[in-house]
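Accompanying notes for the structure given below.
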Amino acid sequence: MKALTSAGEAAVRLTHNAAALLLAIATLLVFVQVVTRFVLGDAAVWSELVARGAIIWSTFLVAGAAFRAGTMIPIDFIRSLLPAPIQLWVVRLVTLLTLIFLGVLVWYGILMAGRAQSQRVAMLDVSMAVFYAAIPFGALCAIPGVLLRHRDAERGSLHDEEIHE
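In the UniProt record's numbering, the protein residues as written are 1 to 165.
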């Protein structure tokens with residue numbers, strides 16, 4: 001179990017760092033876009049498209065870290081009104097529904113990427129599937145974060161800190 005936990009934590013860290021790197025790349029590319037447009041007078045259109053793709057990918061990749069840290073929209077107020085044993089069942093229900101939602105994102109994201117495979121991004125000459133693949137890949141990478149957060153809740157380490165906030 002410890003090896004599984006370590007692998008999950010490593011996956012969350014990896015996707016978090018990859019998202020940060022992609023966001024830095026997107027920032028740099030937007031700067032390139034501004035310089036080429038306003039200083040050189042000839043916009044590098046490709047930089048805008050690559051920046052947009054990097055932002056899309058970073059958004060979906062960071063979801064796992066957000067779930068792990070508990071920064072997704074919580075329902076703490078409603079849960080805090082319930083007795084302690086029922087609170088844990090609410091956490092279990094939310095975890096189950098979140099995993100189902102992520103499964104739906106994986107399934108339909110794969111279908112969307114498959115349908116977009118023949119479409120090309122004009123300026124880059126790459127398949128649109130590269131952009132759409134962020135949906136299933138990010139959803140898949142979010143699962144360890146959800147499970148690790150749930151494990152903490154089952155052990156009671158979330159219960160005390162969330163009730164007293």
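Every residue gets a Cβ at the ideal spot worked out from N, C-alpha and C, and that includes glycine. From a predicted model like this one, the values you see are computed outputs, not experimental measurements.
- When C-alpha distances from Ala-24 are compared across Ala-11, Ala-54, Ala-43 and Trp-89, the shortest belongs to Ala-54.
- In the DSSP secondary-structure assignment, Ser-6 is not bridged to any residue.
- If you draw a straight line from the Cα of Phe-77 to the Cα of Leu-88, it comes to about 14 Å.
- Spanning the alpha carbons of Val-130 and Arg-149 requires a straight line of approximately 29 Å.
- Cβ-Cβ distances below 6 Å link Arg-68 to Val-12, Gly-145, Leu-148 and Arg-149 in the same chain, with the five nearest sequence neighbours on each side left out; the list follows chain order.
- One Cα belongs to Leu-96, the other to Ala-113, and the distance between them is close to 25 Å.
- For Leu-105, the enclosing alpha helix (DSSP H) starts and ends at 84-115.
- Non-local beta-carbon contacts of Ile-56 in its own chain, meaning distances under 7 Å to residues more than five positions away in sequence, involve Phe-131 and Ala-134 in chain order.
- Contact annotation: Ala-44 and Val-30 have beta-carbon atoms that are not nearer than 8 Å.
- Annotation: the continuous alpha helix (DSSP H) that includes Phe-77 extends over 76-80.
- In its chain, beyond the 5 residues on either side, Gly-64, Leu-99 and Leu-102 have a beta carbon closer than 8 Å to the beta carbon of Ile-143.
- In the assembly as shown, Arg-92 is an exposed residue. Its beta-carbon has fewer than 16 other beta-carbons within 10 Å.
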